[in-house]
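Those protein sequences? They're chains A and B, same order as listed.
Residues 17 to 239, numbered by the working numbering, are exactly what the first sequence covers, in order.
Residues 491 to 652, numbered by the working numbering, are exactly what the second sequence covers, in order.
Beneath this line is the structure, given in structure tokens, with notes to follow.
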Amino acid sequence: MTEVSRDMKPEEIKLAKTYLNHLLQARRQDALLCIVESIKNGTPLKDIYLHVLQPVMYEVGRLWQINQIDIAVEHYITAATQLTMAHVFPHAMTSKRNGKKLVGGCLGSELHELGLHMLCDIYEADGWDTYFMGAVTPDASFLSAIEEQRPDLLCLSVTMMFGVPETRDLITSIRTKMKKNCPKILVGGLSFIMSPHLVTVVGADGTGKDAQQALNVASRLVA
Amino acid sequence: MSIEELFKAAEQLSAPKVTSDIVLKEQAEIMASLLTARLLKRDDLEELIGPGNEGVMENNHLNHFKYISTLADLYDPKSFVETVLWVVRTYIGRGFTPKYWKVMLPEAQSVILGHLAKEDSVQIQTIYTWLEKYIDDFVQISRDTTSFYERIGPLTRTGDND
Chain A
17 MTEVSRDMKP EEIKLAKTYL NHLLQARRQD ALLCIVESIK NGTPLKDIYL
67 HVLQPVMYEV GRLWQINQID IAVEHYITAA TQLTMAHVFP HAMTSKRNGK
117 KLVGGCLGSE LHELGLHMLC DIYEADGWDT YFMGAVTPDA SFLSAIEEQR
167 PDLLCLSVTM MFGVPETRDL ITSIRTKMKK NCPKILVGGL SFIMSPHLVT
217 VVGADGTGKD AQQALNVASR LVA
Chain B
491 MSIEELFKAA EQLSAPKVTS DIVLKEQAEI MASLLTARLL KRDDLEELIG
541 PGNEGVMENN HLNHFKYIST LADLYDPKSF VETVLWVVRT YIGRGFTPKY
591 WKVMLPEAQS VILGHLAKED SVQIQTIYTW LEKYIDDFVQ ISRDTTSFYE
641 RIGPLTRTGD ND
């Protein structure tokens, strides 16, 4: 993995801080409006996701870890950001389709779905058709979704280490069942950022530190 | 000690080979309750975890046993160190003191060994022995280094949210 997303531009830093400050003061509408305004002014959806919303969510994680915000605030900001994403998502549907399909989900007990949600929206903006199943998706549902949707790419997201052995077992099941028809498999989330070596351990084809890296890797894997 | 030295030390720790990882996973809640009960009996609990943190401690105990069962299934030295560091940083941020782990780790070990087959006990003991040996280093590194979020979060590196 050599591709690294670029640094934030000054205007993105300003927008991210404005957005976060609105949400820290429970001003969800103001937060949404500043993002919508930026989109109207021509900021690409991908830049909003990668260089505004994602850095904001990392900062929210940091604030929670040092006990400056509690879990209620973290959940409020996560929910508000999901609302923001739903509001701006139509901008992802304007690009041409590339004929490729992605199935994505968080398995087992994994509740942290925002990162994969962002990734699916960004792939959609890049022309992919995406089938996002969200948090706590049972193993059997992954298998049926793969059989029904016949995706080129499967994306699995794991935040907590508890989910890594489950990911390994699910990938083994999928490869055993699908054999030559198995889609390429990307894994991501905090566990794999912490220890990229785990990508090999679980039997995946690749990973990405963020959606842009994952998109770059997928472009190579799915020609 | 640096985090790189901790990674190397964790690489020397053999992956625990236990047959009881499923038992550990299934009994995580019970073991967490037993551990919490032991800690709640202590007169110095507030000194260990800070005021009003009993619920936070209870949550940590459940995650602890779930994580030990994960280690028994899949041991990865780098994520092991990063995870323990993350835990220490998070709970110290909530008022826990380093002394908490000096008390909690032997108690957790005692609880967990009561639920394992004898041949698995030795494997799990090596993890606890290692954690007890290096817990002070984890505390020190958590104080001296930037957190995981600070390392990956570009907004954090740009300064305060003003």
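Backbone N, C-alpha and C define an ideal beta-carbon position, used for all residues, glycine too.
Checklist entry - Quick one: which chain A residues come within Cβ less than 7 angstroms of serine 637/B? => result The count along the second sequence starts at 1 and reaches residue 637/B at position 147. Correct list: Arg78, Gln81.
Checklist entry - Do we get a CB-CB distance below 8 angstroms when we pair tyrosine 656/B with the residues of chain A? => result In the structure displayed, chain B extends from 491 to 652; residue 656/B sits before or after that span and is not available.
Item to check | N- and C-terminal bounds of the alpha helix (DSSP H) containing glycine 179/A | outcome: Mapped onto the first sequence, residue 179/A falls at position 163. Start and end: 179-194.
Item to check | chain A contact for isoleucine 642/B (CB, 8 angstroms cutoff) | outcome: In the second sequence, the residue the question calls residue 642/B occupies position 152. Residue-level contact by beta carbon holds for isoleucine 642/B and chain A, with a gap shorter than 8 angstroms.
Checklist entry - Can you give the beta carbon distance from valine 52/A to histidine 103/A, rounded, assuming they're within the 8 angstroms contact cut? => result Taking the first residue of the first sequence as position 1, residue 52/A is located at position 36. Taking the first residue of the first sequence as position 1, residue 103/A is located at position 87. In this structure valine 52/A is in contact with histidine 103/A, their Cβ atoms being roughly 7 angstroms apart against a cut-off of 8 angstroms.
Checklist entry - Exposed or buried, threonine 100/A, counting other C-beta atoms within 10 Å across all chains shown (16 or more means buried)? => result The count along the first sequence starts at 1 and reaches residue 100/A at position 84. Threonine 100/A counts as buried, since no fewer than 16 other beta carbons sit within 10 angstroms of its beta carbon.
Checklist entry - Does the beta-carbon of proline 167/A have 16 or more other beta-carbons within 10 angstroms, so that it is buried, or is it exposed? => result The residue given as residue 167/A occupies position 151 in the first sequence. Residue environment analysis places proline 167/A among the buried positions, since at least 16 neighbouring C-beta atoms fall within 10 angstroms of its C-beta.
Checklist entry - Cβ atoms of valine 152/A and cysteine 122/A: under 8 angstroms apart, would you say? => result Position 106 of the first sequence holds residue 122/A. Position 136 of the first sequence holds residue 152/A. Yes, these two residues count as a Cβ contact at 8 angstroms.
Checklist entry - Under the DSSP definition of a beta bridge, which residues are partnered with threonine 146/A? => result Residue numbering aside, residue 146/A sits at position 130 when the first sequence is read from its first letter. Answer by DSSP bridge pairing, in chain order: Leu118/A.
Checklist entry - Hey, out of Thr636/B, Glu494/B, Val508/B, Lys498/B, whose CA is closest to threonine 616/B's CA? => result In the second sequence, counting from the first residue as 1, residue 616/B sits at position 126. The candidate whose alpha carbon is nearest that of threonine 616/B is Val508/B.
Checklist entry - Ordered along the chain, which non-local residues of its own chain (more than five positions away) have a Cβ less than 6 angstroms from that of glycine 143/A? => result Counted from its first residue, the first sequence places residue 143/A at position 127. Residues of the same chain with a CB within less than 6 angstroms of the CB of glycine 143/A, apart from the 5 flanking positions on each side, are Ser111, Lys112, Arg113, Asn114 in chain order.
Item to check | Sequence-distant residues of its chain with Cβ nearer than 6 angstroms to valine 68/A (five each side left out) | outcome: As a working mapping, residue 68/A is identified with position 52 in the first sequence. Contacts found: Glu28, Leu31, Ala32.
Next on the checklist: So that I know if they touch, is there some Cβ in chain A lying closer than 8 angstroms to that of arginine 584/B?
Outcome noted: Here residue 584/B corresponds to residue number 94 of the second sequence, with the count starting at 1. In terms of beta-carbon proximity, arginine 584/B lines the interface with chain A, with at least one pair separated by less than 8 angstroms.
Item to check | Straight-line gap, valine 20/A to glutamine 229/A (C-alpha atoms, nearest Å) | outcome: Here residue 20/A refers to the residue found at position 4 when the first sequence is read from its first residue. Here residue 229/A refers to the residue found at position 213 when the first sequence is read from its first residue. Here valine 20/A scores only 44 on pLDDT, less than 50, and its place in the model should not be relied on; the value that follows carries that caveat. Rounded to the nearest angstrom, the two C-alpha atoms are 7 angstroms apart.
Checklist entry - Expressed to the nearest angstrom, what Euclidean distance is found between the alpha-carbon atoms of leucine 591/B and methionine 194/A? => result Translated into the one-based positions of the second sequence, residue 591/B becomes position 101. Translated into the one-based positions of the first sequence, residue 194/A becomes position 178. Checking the sequence, you will find tryptophan at residue 591/B rather than leucine. Their backbone Cα atoms lie some 46 angstroms apart in a straight line.
Checklist entry - Is threonine 59/A helix, strand or coil by DSSP? => result Start at 1 with the first residue of the first sequence, and residue 59/A comes out as number 43. The DSSP-derived three-state label of threonine 59/A is coil.
Next on the checklist: Report the CB separation of alanine 161/A from valine 119/A in whole angstroms; it is logged as a contact under 8 angstroms.
Outcome noted: Walking along the first sequence from the start, residue 161/A turns up at place 145. Walking along the first sequence from the start, residue 119/A turns up at place 103. Going by Cβ atoms, the distance from alanine 161/A to valine 119/A rounds to 5 angstroms, so yes, they are a contact pair.
Next on the checklist: Taking 6 angstroms as the limit between beta carbons, can you name the residues of its chain near methionine 547/B, skipping five residues before and five after?
Outcome noted: Looking up residue 547/B in the second sequence gives position 57. So the list reads Ile539, once near-sequence residues are dropped.
Item to check | As assigned by DSSP and simplified to three states, the class of methionine 17/A | outcome: Position 1 of the first sequence, counting from 1, holds the residue named residue 17/A. Residue confidence for methionine 17/A is low, a pLDDT of 31 falling below 50, so the modelled location carries little weight and cannot support an answer.
Checklist entry - Based on Cα-Cα distance, which residue from Tyr92/A, Val218/A, Met176/A lies nearest to arginine 44/A? => result Your numbering for residue 44/A matches position 28 in the first sequence. Closest in C-alpha terms to arginine 44/A, from the list Tyr92/A, Val218/A, Met176/A, comes Tyr92/A.
Next on the checklist: Alpha carbons only, please: which of Ser207/A, Thr216/A, Val238/A is nearest the one belonging to phenylalanine 570/B?
Outcome noted: On the second sequence, position 80 is the one that residue 570/B refers to. When Ser207/A, Thr216/A, Val238/A are compared, the shortest CA-CA separation from phenylalanine 570/B is found for Ser207/A.
Next on the checklist: Within a Cβ cutoff of 8 angstroms, which residues of the same chain sit near alanine 239/A, ignoring the five residues on either side of it in sequence?
Outcome noted: Residue numbering aside, residue 239/A sits at position 223 when the first sequence is read from its first letter. Excluding sequence neighbours, alanine 239/A sits near nothing in its chain.
Checklist entry - Does the segment 577-584 of chain B come close enough to the segment 525-533 of chain B to have 3 or more Cβ pairs within less than 8 angstroms? => result Touching, no, given that fewer than three Cβ pairs across the two stretches are closer than 8 angstroms.
Checklist entry - Cα-Cα, which of Glu640/B, Glu516/B, Glu536/B is closest to isoleucine 558/B? => result For the purposes of this step, residue 558/B is taken as the residue at position 68 of the second sequence. Distances from the CA of isoleucine 558/B to each of Glu640/B, Glu516/B, Glu536/B were compared; the closest alpha carbon is that of Glu516/B.
Checklist entry - Do the segment 64-82 of chain A and the segment 635-642 of chain B meet, that is, are 3 or more Cβ pairs less than 8 angstroms apart? => result Judged by Cβ distances under 8 angstroms, the segment 64-82 of chain A makes contact with the segment 635-642 of chain B, as three or more pairs qualify.
Checklist entry - Considering only residues of the same chain and omitting the five flanking positions on each side of threonine 146/A, which have a CB-CB separation below 6 angstroms? => result Looking up residue 146/A in the first sequence gives position 130. Leu118, Cys136, Tyr139, Glu140, listed in sequence order.
Item to check | DSSP three-state assignment for leucine 36/A, whether helix, strand or coil | outcome: Counting from one through the first sequence, the residue named residue 36/A turns up at place 20. Here leucine 36/A carries a helix assignment [DSSP, helix/strand/coil].
Next on the checklist: For glutamate 495/B and threonine 188/A, what's the separation of their Cα atoms in angstroms?
Outcome noted: The residue labelled residue 495/B in the question sits at position 5 within the second sequence. The residue labelled residue 188/A in the question sits at position 172 within the first sequence. In a straight line, the C-alpha of glutamate 495/B is about 33 angstroms away from that of threonine 188/A.
Checklist entry - Near aspartate 46/A, what residues of its chain come up, given a Cβ to Cβ distance below 6 angstroms and the 5 sequence neighbours on each side ignored? => result Locating residue 46/A in the first sequence gives position 30, counting from the first residue. Taken in chain order, the residues that qualify are His38.
Item to check | Cβ separation of histidine 128/A and threonine 175/A, assumed to be a contact under 8 angstroms, to the nearest whole Å | outcome: Residue mapping note: residue 128/A aligns to position 112 of the first sequence, counting from 1. Residue mapping note: residue 175/A aligns to position 159 of the first sequence, counting from 1. Under the criterion of beta carbons closer than 8 angstroms, histidine 128/A and threonine 175/A qualify as touching, at roughly 4 angstroms.
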